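**Student:** Heads up: the sequence shown begins at 3 in this note's numbering, then just goes up one per residue.
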Amino acid sequence: MGAEQPETIAAIVAAHRAGTLTPAQTVARTYQRIRDHNDPAVFISLRDESDAIAEAEKLAARKDATGLALYGVPVAVKDNIDALGFPTTAACPAFSYAPAHDSTAVARLRAAGAIIIGKTNLDQFATGLVGVRSPYGIPRNSIREDLIPGGSSSGSAVAVGAGLVPLSLGTDTAGSGRVPAMLNNIVGLKPSLGMISTAGLVPACRTLDCISVFALTVDDAALALSVMAGPDQADPFSRDRPLQPITPFPADLRLGVPRNGQLIFFGDRKADAAYADALKRWTALGATLVEFDLEPFYETARLLYEGPWVAERYLVIKNLLASAPDAIHPVTREITAAGARLTAAETFAALYRLQGLRKVAERTFADIDALVLPTAPTAYATAQVLANPIELNSRLGTYTNFVNLLDLCGLAVPASMRADGIPFGITLLAPAGRDALLASIGRAFHADTKLSLGAKGAAQAPLTPLPTSSGDEIPIAVVGAHLSGMALNGELKALNARLVEATRTAPDYELYALPTTPPKPGMLRVASGKGASIELEIWSLSSSSFGRFVNAIPAPMAIGTVRLADGRSVKGFLVEPEVLGDARDITAYGGWRKFVAEKATAQVP
Numbered sequence: 003m004g005a006e007q008p009e010t011i012a013a014i015v016a017a018h019r020a021g022t023l024t025p026a027q028t029v030a031r032t033y034q035r036i037r038d039h040n041d042p043a044v045f046i047s048l049r050d051e052s053d054a055i056a057e058a059e060k061l062a063a064r065k066d067a068t069g070l071a072l073y074g075v076p077v078a079v080k081d082n083i084d085a086l087g088f089p090t091t092a093a094c095p096a097f098s099y100a101p102a103h104d105s106t107a108v109a110r111l112r113a114a115g116a117i118i119i120g121k122t123n124l125d126q127f128a129t130g131l132v133g134v135r136s137p138y139g140i141p142r143n144s145i146r147e148d149l150i151p152g153g154s155s156s157g158s159a160v161a162v163g164a165g166l167v168p169l170s171l172g173t174d175t176a177g178s179g180r181v182p183a184m185l186n187n188i189v190g191l192k193p194s195l196g197m198i199s200t201a202g203l204v205p206a207c208r209t210l211d212c213i214s215v216f217a218l219t220v221d222d223a224a225l226a227l228s229v230m231a232g233p234d235q236a237d238p239f240s241r242d243r244p245l246q247p248i249t250p251f252p253a254d255l256r257l258g259v260p261r262n263g264q265l266i267f268f269g270d271r272k273a274d275a276a277y278a279d280a281l282k283r284w285t286a287l288g289a290t291l292v293e294f295d296l297e298p299f300y301e302t303a304r305l306l307y308e309g310p311w312v313a314e315r316y317l318v319i320k321n322l323l324a325s326a327p328d329a330i331h332p333v334t335r336e337i338t339a340a341g342a343r344l345t346a347a348e349t350f351a352a353l354y355r356l357q358g359l360r361k362v363a364e365r366t367f368a369d370i371d372a373l374v375l376p377t378a379p380t381a382y383a384t385a386q387v388l389a390n391p392i393e394l395n396s397r398l399g400t401y402t403n404f405v406n407l408l409d410l411c412g413l414a415v416p417a418s419m420r421a422d423g424i425p426f427g428i429t430l431l432a433p434a435g436r437d438a439l440l441a442s443i444g445r446a447f448h449a450d451t452k453l454s455l456g457a458k459g460a461a462q463a464p465l466t467p468l469p470t471s472s473g474d475e476i477p478i479a480v481v482g483a484h485l486s487g488m489a490l491n492g493e494l495k496a497l498n499a500r501l502v503e504a505t506r507t508a509p510d511y512e513l514y515a516l517p518t519t520p521p522k523p524g525m526l527r528v529a530s531g532k533g534a535s536i537e538l539e540i541w542s543l544s545s546s547s548f549g550r551f552v553n554a555i556p557a558p559m560a561i562g563t564v565r566l567a568d569g570r571s572v573k574g575f576l577v578e579p580e581v582l583g584d585a586r587d588i589t590a591y592g593g594w595r596k597f598v599a600e601k602a603t604a605q606v607p
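1) In the structure shown, what three-state DSSP assignment does PHE216 receive?
2) Using DSSP bridges, identify the partner residues of TYR260.
3) Is it buried or exposed, SER442, if we count other Cβ atoms within 10 angstroms and call 16 or more buried?
4) CA-CA distance, LEU291 and ASP254?
5) Would you call the segment 29-36 and the segment 94-104 touching, i.e. three or more CB-CB distances under 8 Å?
6) If the criterion is Cβ atoms closer than 8 Å, does the pair ALA183 and THR10 meet it?
7) Thinking C-alpha only, which one of ASP242, PRO238, ASP237, ALA236 is nearest SER228?
8) Counting along the chain, where does the beta strand (DSSP E) carrying ALA78 start and finish?
9) Let me make sure I understand the geometry here. Which of THR338, PRO416, HIS39, GLU503 has the alpha-carbon closest to that of ALA276?
10) Which one of GLY157, HIS484, PHE294 has the shortest CA to CA distance from PHE367?
11) Which term fits PHE555, buried or exposed, when burial requires 16 or more other beta carbons within 10 angstroms of its beta carbon?
12) Inspect the beta-carbon positions of PHE45 and ASN143 and report whether they are closer than 8 Å.
13) Less than 8 Å between the beta carbons of ILE213 and THR173, yes or no?
14) Just the Cα atoms here: how many angstroms apart are ALA352 and GLU512?
15) Name the two residues that bound the continuous beta strand (DSSP E) containing TYR138.
16) Please list, in chain order, all residues of the same chain as MET3 whose beta carbon is under 7 Å from its beta carbon, the five residues on each side excluded.
17) I believe GLY456 touches VAL162 by the beta-carbon criterion, under 8 Å. Please report the beta-carbon distance rounded to the nearest angstrom.
18) Among PHE575, GLY179, PRO252, which residue has its Cα nearest to the Cα of CYS411?
19) Starting from the Cα of LEU526, find the closest Cα among ILE536, ALA114, SER545 and give me that residue.
20) For LYS121, which residues does DSSP report across the bridge?
21) Are GLY87 and ARG49 closer than 8 Å when you measure CB to CB?
22) Roughly how many whole angstroms lie between the Cα atoms of PRO477 and GLU503?
23) Can you pull the DSSP bridge partners for LEU410?
24) Could you say if the segment 389-401 and the segment 449-466 meet the contact criterion of at least three C-beta pairs nearer than 8 Å?
25) Bridge partners of TRP541, per DSSP?
26) To the nearest angstrom, report how far apart GLY592 and VAL572 are at their CA atoms.
27) What three-state label does DSSP hand GLY427 in the structure shown?
28) Does the Cβ-Cβ distance between PHE426 and ALA273 come in under 8 Å?
29) Can ASN187 and GLY152 be called in contact, C-beta distance under 8 Å?
30) What's the C-alpha gap between THR2 and LEU501?
31) According to the Cβ coordinates, are VAL220 and VAL189 closer than 8 Å?
32) On the three-state DSSP scale, how would you describe GLU578?
33) Between which two residues does the beta strand (DSSP E) harbouring THR173 extend?
34) Per DSSP, what kind of secondary structure is TYR401 in: helix, strand or coil?
35) For ARG565, write down the residues that DSSP places opposite it in a beta bridge.
36) DSSP has ASP587 in a bridge; who is on the other side?
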């Protein structure tokens with residue numbers, strides 16, 4: 003099972019679509035790798051292999067399977083996120099329960115073709131950045147076995163770093179989606195708060211929690227985010243934050259770096275040097291480095307555990323603390339019990355101070371696109387953390403604890419492998435909503451490092467080229483009669499339109515055959531993950547031609563924003579829902595071209 007096998011989501015999905023590898027074979031390989039890795043502390047619960055293979059075979063038999071963004075991708079889920087068929091433990095056996103349905107995030111992954119194979123270990127109740135606070139054992143770091151795996155999403159990060167799965171879900175309240183990413187030489191994506199629904203997540207701090215993504219590449223992580231992103235009525239903290247498209251590296255990128263003397267590495271000179279090297283790489287890529295004052299961010303970080311947000315952690319387990327305190331890990335118990343003593347006055351005082359610090363952060367970003375910081379100031383061995391659990395854990399959060407309090411998005415990216423074999427990583431941070439910007443620049447940085455992926459030595463594939471437009475051209479997505487070779491394609495060619503690419507939508511759409519002349523389909527947007535991925539083409543028109551083309555579109559067709567499978571958005575054809583009463587639902591065909599071909603073969607009237 004060497005590096006010649008497809009490792010990334012992109013490579014696995016491409017192999018499944020091409021038929022060179024089946025989802026069942028990929029799932030079987032995952033279970034073989036889990037057996038070979040032989041670390042019972044990675045997974046708290048693992049699905050029966052035959053069940054997972056049966057699901058993979060059923061998936062492959064679906065007509066629309068090849069259009070699914072995560073077609074046959076095995077996924078691991080942190081065990082504080084509900085997944086039907088698995089108990090949710092939060093790494094506390096006494097807390098365990100059987101969820102009645104999937105969390106929204108897991109449901110959207112499944113709808114996109116992912117196969118959930120197990121629930122991963124974590125620092126109990128997601129309290130910790132170390133990965134050693136679990137009664138289910140300590141997962142072995144995938145890079146160096148003496149190092150901590152990082153927490154709280156320890157099992158999820160190790161599962162990706164060790165090559166067991168190409169994608170896993172973590173959570174991130176204070177850095178749990180970023181610190182373990184660095185320590186396992188993988189990508190950790192912490193989205194803007196509210197972008198991924200937290201319905202079905204056992205909270206740590208409910209106002210700050212977010213579900214995070216671990217993957218081998220930035221493009222893989224961004225694809226997973228695009229599948230899960232979107233508002234959810236079941237989550238009162240959900241926000242409608244549309245994901246923007248990934249773009250080429252900007253020519254005028256300005257990155258914030260701390261003022262001289264403000265960085266803290268706790269004596270780790272190798273980490274200090276690795277960060278300096280990372281900044282040189284950013285400069286070589288074309289970024290301008292701009293100094294900013296890090297002290298207000300440090301002050302914000304101190305609020306997380308010295309302020310009232312500890313009370314949110316206490317709320318989750320207060321009944322268990324009262325009835326069975328010994329069921330809780332001693333370090334977790336010590337940290338969370340303090341939440342019971344906080345007063346309302348202290349809470350409001352902290353909220354007032356936080357609001358002031360948020361204004362400072364806003365001013366910082368007025369002249370800066372993103373911050374670039376070390377993901378963690380150093381790395382520790384498991385033995386060191388067990389001997390000094392609270393202080394060393396706190397140090398690991400130096401550059402992560404303030405992020406959710408300030409409503410920032412983050413992307414942790416591998417930067418280098420130190421001479422002592424310890425991975426070093428940087429984190430990009432920006433105001434909420436700039437997730438696509440971070441992915442756009444993070445992917446370029448990671449590719450430039452030429453680091454191998456995770457712990458298995460697989461080389462990075464060349465970056466997938468991004469669609470480009472020249473001059474004032476505007477792209478438009480077509481799904482029916484305007485496709486290449488179809489009845490109305492000549493309308494585009496008459497306007498000198500050019501074909502940019504053939505791709506698919508996100509799994510958020512239904513397709514209907516309309517009773518029109520000539521025959522046309524109508525594509526309808528439905529709830530995120532509740533539809534199918536529909537084949538389309540993207541054509542590019544000059545702005546004047548685009549205006550003429552759109553102006554000539556007859557009802558019931560309309561132009562709206564279409565989400566693509568890779569997370570981009572583009573203008574394209576949609577249909578007014580009022581006319582669908584007499585239309586035939588052809589969603590299962592996955593596209594107009596396949597429906598027309600089958601109709602012609604069968605001579606269906």
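Each residue gets a CB set at the ideal place from its N, CA and C atoms; glycine is no exception.
On a predicted model such as this, the values are computed, not experimentally measured, just so you know.
**Tutor:** So, to answer that:
1) strand
2) In the sequence as displayed, the identity of residue 260 is Pro instead of Tyr. BP columns for PRO260 point to PHE294.
3) buried
4) 11 Å
5) no
6) no
7) Among ASP242, PRO238, ASP237, ALA236, the Cα nearest to that of SER228 is on ASP242.
8) 76-80
9) Closest in C-alpha terms to ALA276, from the list THR338, PRO416, HIS39, GLU503, comes PRO416.
10) PHE294
11) For clarity, residue 555 is Ile in the given sequence; the question names Phe instead. The residue in question, ILE555, is exposed, as its Cβ has fewer than 16 Cβ neighbours within 10 Å.
12) no
13) yes
14) 47 Å
15) Per DSSP, TYR138 belongs to no beta strand (DSSP E) and is neither H nor E.
16) The predicted model places MET3 with a pLDDT of 35, which falls under 50 and marks its position as unreliable, so this point remains unresolved.
17) 6 Å
18) GLY179
19) ILE536
20) SER47, VAL79
21) yes
22) 10 Å
23) PRO433
24) no
25) TRP541 pairs with ILE478, LEU501.
26) 19 Å
27) strand
28) The criterion of a C-beta distance shorter than 8 Å is satisfied by PHE426 and ALA273.
29) Against a cut-off of 8 Å, the Cβ pair of GLY152 and ASN187 comes out as no contact.
30) Outside the shown range of the chain (3 to 607) lies residue 2, about which nothing can therefore be said.
31) yes
32) coil
33) 169-174
34) coil
35) SER571
36) TYR514
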